[in-house]
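Working notes, structure below.
Residue numbers (our numbering), protein chains in the order written: chain A, 3 to 115; chain B, 8 to 117.
Written as structure tokens, this is what we have:
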């Protein structure tokens with residue numbers, strides 16, 4: 003079954019830790035995205051990729067980095083987590099083409115103490 | 008701002024009633040999409056309407072698009088408690104990622 007997965011679902015860590023949020027999709031989509039969303043608020047695009055070895059920063063400045071070495075995998079890394087990084091992180095993917103319908107993972111809720 | 012602006016921000020109705028939420032925008036679009044988000048979860052795509060379409064149906068959902076007024080509406084008929092969620096419109100412009108609005112929070116009580 004085609005799907006998009008995120009791990010972990012919940013993460014509580016201390017300030018200064020390095021973390022990687024995982025995102026994988028089995029739909030063969032070229033495009034993948036990371037959004038940051040605070041509770042009850044809008045989504046902010048922080049990174050996107052239109053293919054392997056292609057990554058771009060989104061509208062919201064973020065201290066995170068991403069990589070796209072394989073089509074199905076789009077991990078997000080925070081080198082040194084801070085309380086301001088506490089948020090929900092949503093990964094999405096879409097096929098190439100003009101419609102750009104996005105499929106979302108369940109999200110990772112990150113809390114930095 | 009290029010994002011869609013949903014209205015109202017919050018909506019509370021009884022089961023069986025219809026729910027209407029609106030999205031206004033300022034730029035030209037290829038299509039407009041509506042998504043639903045249950046609390047603490049990812050978004051789920053509901054329906055897409057292309058810029059050359061005026062109305063589209065999917066089950067209990069009806070979406071309209073008026074490109075001259077740069078606005079869209081989502082109607083959910085015969086609402087159920089399970090429809091309680093946040094609803095987002097998303098603008099698809101050529102060559103860019105989707106631009107999401109701030110969302111309408113719908114609460115359906117039984």
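Ideal Cβ placement from N, Cα and C applies to all residues, glycine included.
Within the 7 Å Cβ cut-off, does residue i reach chain A?
i, result
"residue 99 of chain B", "yes"
"residue 105 of chain B", "yes"
"residue 64 of chain B", "no"
"residue 118 of chain B", "In the structure as shown, chain B starts at 8 and stops at 117, and residue 118 of chain B therefore has no counterpart that could be examined."
"residue 109 of chain B", "yes"
Does DSSP put residue i in a helix, in a strand, or in coil?
i, result
"residue 122 of chain A", "This structure cannot settle anything about residue 122 of chain A, because the visible part of chain A is limited to 3 through 115."
"residue 88 of chain B", "helix"
"residue 66 of chain A", "coil"
"residue 93 of chain B", "strand"
Between which two residues does the beta strand (DSSP E) containing residue i stretch?
i, result
"residue 94 of chain A", "89-96"
"residue 35 of chain A", "33-39"
"residue 18 of chain B", "17-21"
"residue 38 of chain B", "38-44"
"residue 69 of chain B", "68-73"
What's the gap between the Cα of residue i and the Cα of residue j?
i, j, result
"residue 49 of chain A", "residue 35 of chain A", "6 Å"
"residue 82 of chain A", "residue 46 of chain B", "28 Å"
"residue 75 of chain A", "residue 26 of chain A", "5 Å"
"residue 40 of chain B", "residue 111 of chain B", "14 Å"
Using 7 Å as the limit for Cβ to Cβ distance, is residue i near chain B?
i, result
"residue 16 of chain A", "no"
"residue 55 of chain A", "no"
Given 8 Å, three or more beta-carbon pairs between the segment 17-34 of chain A and the segment 90-110 of chain A: yes
Any 3 or more C-beta pairs closer than 8 Å across the segment 65-72 of chain B and the segment 108-115 of chain A: no
Given 8 Å, three or more beta-carbon pairs between the segment 58-66 of chain A and the segment 4-20 of chain A: Cβ pair count under 8 Å is below three, so no.
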